[in-house]
Amino acid sequence: MQTNLQPQPISPFHVAIIMDGNGRWAENQGLPRPVGHQAGARAVRAVVRTAVEQGVTALSLYAFSSYNWRRPEEEVAGLMALLRHFLTIDVRDLRAHGIRISVLGRRDRLPLALAKAIAVAERSTARNTGLHLRIAIDYSSRDAILAAAQQAPDLSPEALATRLGTGDVDLVIRTGGDRRLSDFLLWECAYAELFFTDVKWPDFTPAHFTAALGDFAKRTRSFGGLMESA
Ligand code: FPP
1 MQTNLQPQPI SPFHVAIIMD GNGRWAENQG LPRPVGHQAG ARAVRAVVRT AVEQGVTALS
61 LYAFSSYNWR RPEEEVAGLM ALLRHFLTID VRDLRAHGIR ISVLGRRDRL PLALAKAIAV
121 AERSTARNTG LHLRIAIDYS SRDAILAAAQ QAPDLSPEAL ATRLGTGDVD LVIRTGGDRR
181 LSDFLLWECA YAELFFTDVK WPDFTPAHFT AALGDFAKRT RSFGGLMESA
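Each residue of the sequence shown is one higher than the last, beginning at 1 in our numbering.
Listed below in structure tokens is the structure:
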């Protein structure tokens, strides 16, 4: 049971980001949608750096949902290649900065080269104690909850949470103008603060991210209880 009724400190905490708007960003400029995802990957790099600077302890990024398989084959292939590049090339820099990488979601439908890159990235950063970067690929929160419920030794909230292994989210940021969770970390977001912005993901800068963290810091979280009077 949550007993801490004090306002939460700005850090350490867990931020989850739904990175939406890549496709529209590209289309608005007359560019193919995969170019929007490439620009999105650049935004990821900048936001990860800012997360480290701001003392965020865990950052969960929604990179590919289980529903995204419905997209055109070329777009899916481009995304898979981007993710593989990130997990093989960028990971060297992330490792040097003490970042630990985990990937959420199904592995059995991913291209073999990506599945292997994930395994190497996770293994080679497992002992790092800095920012925990979680990337959701072929991820559905409903599927994750169902799988955890089937595997948990008992059906207590604690056993389920342990099985899910992701930890409670403090702040969800969604870019791109929509205001929904889209099957991302539903259990973990039970008491998350929500921050929505119309800014499309490729245009989301460290300054936008820092402003969202500042907005979070001003919120008062009672977790269903009452705030203690001053
Ligand atoms: C949603 O935008 C975004 C995605 C489906 C892909 C997110 C991937 C990246 C940001 C790049 C790679 C990630 C990492 C971690 C290196 P959308 O295409 O649905 O945009 P739209 O709503 O404008 O169509």
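Cβ coordinates follow ideal geometry from the N, Cα and C atoms, glycine included.
With 16 other CB atoms within 10 Å as the buried threshold, where does residue i fall?
{"i": "E228", "result": "Caution is warranted here: a pLDDT of 46 is assigned to E228, below 50, making its placement in the model unreliable, and the coordinate value is therefore given only provisionally. E228 is exposed by the Cβ-count criterion."}
{"i": "L31", "result": "exposed"}
{"i": "H14", "result": "buried"}
{"i": "A207", "result": "exposed"}
{"i": "K218", "result": "exposed"}
{"i": "Y139", "result": "buried"}
{"i": "Q6", "result": "Since pLDDT at Q6 reaches only 42, below the 50 mark, its modelled position is unreliable, and the value read off the structure follows with that caveat. Looking at its Cβ environment, which holds fewer than 16 other Cβ atoms inside 10 Å, Q6 is exposed."}
{"i": "W298", "result": "Lying outside 1 to 230, the shown extent of the chain, residue 298 is not represented and no answer is given."}
{"i": "Q2", "result": "Residue placement at Q2 cannot be trusted, given a pLDDT of 41 that sits under 50; the coordinates are not used to answer."}
{"i": "Y191", "result": "exposed"}
{"i": "L155", "result": "exposed"}
{"i": "I18", "result": "buried"}
Where does the unbroken beta strand (DSSP E) through residue i begin, and where does it stop?
{"i": "V47", "result": "Per DSSP, V47 belongs to no beta strand (DSSP E); it is in the alpha helix (DSSP H), R33 to E53."}
{"i": "R174", "result": "L171 to R174"}
{"i": "A16", "result": "H14 to I18"}
{"i": "F223", "result": "Note, F223: premise wrong, no beta strand (DSSP E); not H, not E."}
{"i": "L131", "result": "Segment: none, L131 is in no beta strand (DSSP E) and carries neither H nor E."}
Would the beta-carbon of residue i fall within 8 Å of that of residue j?
{"i": "T162", "j": "G21", "result": "no"}
{"i": "R100", "j": "L146", "result": "no"}
{"i": "D183", "j": "S65", "result": "yes"}
{"i": "L104", "j": "A136", "result": "yes"}
{"i": "F196", "j": "R179", "result": "yes"}
{"i": "L160", "j": "A144", "result": "no"}
{"i": "Q38", "j": "L82", "result": "yes"}
{"i": "L131", "j": "V52", "result": "yes"}
{"i": "T205", "j": "A46", "result": "yes"}
{"i": "S141", "j": "L185", "result": "yes"}
{"i": "P202", "j": "A43", "result": "yes"}
{"i": "L181", "j": "F216", "result": "no"}
{"i": "G225", "j": "A58", "result": "no"}
Between which two residues does the alpha helix (DSSP H) containing residue i stretch?
{"i": "A144", "result": "S141 to Q151"}
{"i": "F216", "result": "P206 to K218"}
{"i": "L186", "result": "No alpha helix (DSSP H) holds L186; DSSP gives it neither H nor E."}
{"i": "L164", "result": "P157 to L164"}
{"i": "A58", "result": "No alpha helix (DSSP H) contains A58, which is instead part of the beta strand (DSSP E) from A58 to S65."}
{"i": "A26", "result": "N22 to N28"}
Got a sec: does the ligand FPP put a non-hydrogen atom nearer than 7 Å to the Cβ of residue i?
{"i": "D20", "result": "yes"}
{"i": "L110", "result": "no"}
{"i": "R33", "result": "yes"}
{"i": "R68", "result": "Residue identity differs from the one stated: residue 68 is Asn in this sequence, not Arg. Yes, the Cβ of N68 comes within 7 Å of a heavy atom of the ligand FPP."}
{"i": "V76", "result": "no"}
{"i": "V44", "result": "yes"}
{"i": "H37", "result": "yes"}
{"i": "A149", "result": "no"}
{"i": "G214", "result": "no"}
{"i": "F86", "result": "yes"}
{"i": "I135", "result": "yes"}
{"i": "G98", "result": "no"}
{"i": "G23", "result": "yes"}
{"i": "L83", "result": "yes"}
{"i": "F209", "result": "no"}
Just checking: is the beta-carbon of residue i within a distance shorter than 8 Å of some beta-carbon in chain B?
{"i": "D170", "result": "This model lacks chain B altogether; it includes just one protein chain."}
- Item | 3-residue-minimum beta strand (DSSP E) runs that sit fully inside the segment 73-121, ordered along the chain | 100-104
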